[in-house]
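Novice: For what it's worth, the numbering used here labels the leading residue of the sequence shown as 42, then goes sequentially.
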Amino acid sequence: MLSGADLSSRLSFDVQGVAALRMKAATGDPGTLKAAAKQFEAMLVQTMLKTMRTAQLTSDGDVFGDSSSLKLYQELLDQQWAQNITAGKGLGLAEMIIKSLPAAASDPATLPSEAAKAAAALVPARTLPASAEPGAAVSQPAPDKNVRDDQQPDRKRHFVEAMLPYAQAAEKVSGVPARFVLAHAALESGWGRREIVAADGATSHNLFGIKADGGWDGKAVTSVTTEYRQGLALKVAAKFRAYANYAEGFVDYARLLQRRYRAAVAAGNDGLAFAAGLAAGGYATDPAYVEKLQGVIRSIPSTSSGRVQA
Numbered sequence: 042m043l044s045g046a047d048l049s050s051r052l053s054f055d056v057q058g059v060a061a062l063r064m065k066a067a068t069g070d071p072g073t074l075k076a077a078a079k080q081f082e083a084m085l086v087q088t089m090l091k092t093m094r095t096a097q098l099t100s101d102g103d104v105f106g107d108s109s110s111l112k113l114y115q116e117l118l119d120q121q122w123a124q125n126i127t128a129g130k131g132l133g134l135a136e137m138i139i140k141s142l143p144a145a146a147s148d149p150a151t152l153p154s155e156a157a158k159a160a161a162a163l164v165p166a167r168t169l170p171a172s173a174e175p176g177a178a179v180s181q182p183a184p185d186k187n188v189r190d191d192q193q194p195d196r197k198r199h200f201v202e203a204m205l206p207y208a209q210a211a212e213k214v215s216g217v218p219a220r221f222v223l224a225h226a227a228l229e230s231g232w233g234r235r236e237i238v239a240a241d242g243a244t245s246h247n248l249f250g251i252k253a254d255g256g257w258d259g260k261a262v263t264s265v266t267t268e269y270r271q272g273l274a275l276k277v278a279a280k281f282r283a284y285a286n287y288a289e290g291f292v293d294y295a296r297l298l299q300r301r302y303r304a305a306v307a308a309g310n311d312g313l314a315f316a317a318g319l320a321a322g323g324y325a326t327d328p329a330y331v332e333k334l335q336g337v338i339r340s341i342p343s344t345s346s347g348r349v350q351a
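1) Identify, in the order they occur along the chain, each residue of the same chain with its Cβ nearer than 7 Å to the Cβ of K91, setting aside the five sequence neighbours on each side.
2) If we call anything under 8 Å between Cβ atoms a contact, is L117 one with A243?
3) Does the Cβ-Cβ distance between L313 and Q299 come in under 8 Å?
4) Once DSSP output is grouped into helix, strand and coil, what is the label at F249?
5) Out of Y287, A253, A240 and N310, which has the shortest C-alpha to C-alpha gap to G216?
6) If I measure Cβ to Cβ from H246 and keep anything under 6 Å in the same chain, skipping five residues before and after, which residues do I get?
7) Provide the residue span of the beta strand (DSSP E) that contains R270, from first to last.
8) So if DSSP puts V277 in a beta bridge, which residue, or which two residues, is it bridged to?
9) Helix, strand or coil for R235, going by three-state DSSP, please let me know.
10) Do the segment 227-242 and the segment 268-278 meet, that is, are 3 or more Cβ pairs less than 8 Å apart?
11) Assuming A320 and Y330 make a contact with CB atoms under 8 Å, what is their CB distance in whole Å?
12) Only counting the same chain, and skipping five residues up and downstream in sequence, which positions put a Cβ closer than 7 Å to that of F221?
13) Should A166 go down as buried or exposed, given a rule of 16 or more other Cβ atoms within 10 Å for buried?
14) For W122, I'd like the list of residues in its chain whose CB is within less than 7 Å of its CB, leaving aside the five on either flank, ordered along the chain.
15) Could you tell me if S100 is buried or exposed, where buried requires 16 or more neighbouring beta carbons within 10 angstroms of its beta carbon?
16) Taking C-alpha atoms, which residue in M137, N125 and T88 lies nearest to A77?
17) With respect to the alpha helix (DSSP H) encompassing P194, which residues constitute its N-terminal and C-terminal limits?
18) Can you give me the Cβ contacts of E212 inside the same chain, cut-off strictly under 7 Å, excluding the 5 residues immediately before and after it?
19) Rounded to the nearest angstrom, what separates G133 and T266 at their Cα positions?
20) If you drop the 5 nearest sequence neighbours on each side, which residues of the same chain put their C-beta closer than 7 Å to that of Y269?
21) When the Cα atoms are used, what is the spatial distance from I237 to F200?
22) Let me make sure I understand the geometry here. Which of W232, D293, D258 and K260 has the alpha-carbon closest to that of P194?
23) Can you tell me whether T92 is helix, strand or coil according to DSSP?
24) Consult DSSP for R282 and reduce its assignment to one of helix, strand or coil.
25) Assuming F281 and A253 are in contact, meaning their beta carbons sit under 8 Å apart, how far apart are those beta carbons, in whole angstroms?
26) Which residue comes first and which comes last in the alpha helix (DSSP H) that contains A308?
27) Starting from K293, follow the alpha helix (DSSP H) in both directions and report where the run begins and ends.
28) So, for A317: in the same chain, excluding its five sequence neighbours on each side, which residues have a beta-carbon less than 6 Å away from its beta-carbon?
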């Protein structure tokens, strides 16, 4: 998860989502072309607004102080203004992009299109998201580049060993196999590397990306999450539940499954059915959520009886 200090550098339209739309444009569907073009235009306008704001603060100083909450508000405001400015006919950039997309889509060798190249050139390098590790469908910060590939097995093993007792406790409450609980926690938290944290860096002990809805009266923290709306991946700010420790977080997750995701609970030892039950219940908006969760489940060592092999 992103801390408050990271919000200003990462809150932007998801370029990977735009790229996916551009690839779908190869079908020639007018609706897809229009959606991709509008997304590009909005992204460019947001970048322009952000650049103007940065230039102003650099010359005059930040009279409001270095507040992470204010920066978050400014980023969200820029995103909203970009959406409003490009609504309807917008600035005309979308029409130009639409004209360039069909030609590129008809010839795969020309992808990415000239419009995509222009967008990539205008977006500052620090706002381009890195390729995300499978997982983190609800919250999707970039992976830590300082972690080498040969360190991944150790990190995953340590995560399983540390969280297994809590997952087993959750299994007793919900009936969901501890292996599935571990896999879900790993998916949502990037094997513990992307935990949801408060502005001061304190962990929320929320490994499942559970939001603080209207029925939650406990502590909460605000962080940025990736949500998919009409096929577009967007960065939005949301409130998430915070717990005193991991034991409390896992038990709350188990109770949530019992209340709202009965199809997942009824899946038994069927990992695919468990993942499908979560998706059907609206746990996440990522269209590839079932595949991602199933992949993580398969990656956790287990015995012939399906128990976790720590």
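The beta carbon of each residue, even a glycine, is placed where N, CA and C say it ideally should be.
These figures come from a predicted structure and were not determined experimentally.
Specialist: Let's see:
1) D119
2) no
3) no
4) coil
5) N310
6) Y284, N286, Y287 and G290
7) Counting along the chain, the beta strand (DSSP E) containing R270 begins and ends at A261 to R270.
8) In DSSP, V277 forms a bridge with T266.
9) In the structure shown, R235 sits in coil (DSSP, three-state: anything other than H, G, I, E or B).
10) no
11) 5 Å
12) G312, F315 and I338
13) Confidence at A166 is low in this model, with a pLDDT of 37, below 50, so its placement is unreliable and the value that follows should be read with caution. Classification for A166: exposed.
14) L90
15) Legend: pLDDT at S100 = 47, less than 50; position of this residue unreliable, value from coordinates given subsequently. Burial call: exposed.
16) M137
17) For P194, the enclosing alpha helix (DSSP H) stretches over residues Q193 to S215.
18) P218, A219 and V222
19) 30 Å
20) T326, D327 and P328
21) Cα-Cα distance, rounded: 16 Å.
22) W232
23) In this structure, T92 counts as helix in the three-state DSSP scheme.
24) strand
25) 6 Å
26) Element bounds for A308: n/a, residue is neither H nor E.
27) Note that residue 293 is Asp in the sequence shown, not Lys. From DSSP, the alpha helix (DSSP H) with D293 extends over Y287 to R301.
28) V331
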